[in-house]
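K.L.:
592 is the number of the first residue of the sequence shown in the numbering used here; add one for each residue after it.
We put the CB at the ideal spot given by N, CA and C, even for glycine.
Please read through the structure below; I'll follow up with questions.
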Amino acid sequence: MSNVDLQLERLQISLHGVSAEVAESAMTGLDEELRRRLGGLSAADLPLSDQAELALGAIHVQGRIDPAALRGLIAQRLVASLRQGGQD
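Here's what the structure looks like:
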């Protein structure tokens with residue numbers, strides 16, 4: 592992704608049924624997780640337009656989830672939404 596400039600100015604996530612500790616821990620390292628996942632993509636994998644907003648939709652999990660798994664799910668959804676041009 593050497594020719595791609597990606598800037599996330601703000602990320603707002605609403606979580607239901609997840610403890611504050613898990614949510615806060617999941618956000619720690621999200622930037623590195625996104626960098627890792629996006630690093631494997633080429634510029635052709637992403638649309639070349641500004642996206643004011645990305646809608647990730649609901650993420651449903653069975654039972655409890657640990658911070659690393661939650662971070663992975665959020666990163667996965669963000670990357671998928673970016674690849675689709677923000678259209679979910």
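(1) Thinking C-beta only, is A617 closer than 7 Å to L661?
(2) Mark A649 as exposed unless 16 or more other C-beta atoms lie within 10 angstroms of its C-beta, in which case mark it buried.
(3) Give the range of the alpha helix (DSSP H) segment to which D622 is assigned.
(4) Would you give the residue range spanned by the alpha helix (DSSP H) that V670 belongs to?
(5) Look at the alpha carbon of Q675 and the alpha carbon of L637, and state the distance between them as a whole number of angstroms.
P.N.:
Straight from the coordinates:
(1) Result yes, Cβ atoms of L661 and A617 sit closer than 7 Å.
(2) When all chains shown are included, A649 counts as exposed.
(3) 621 to 630 is the extent of the alpha helix (DSSP H) around D622.
(4) Unbroken alpha helix (DSSP H) run through V670: 658 to 674.
(5) One C-alpha to the other measures close to 8 Å.
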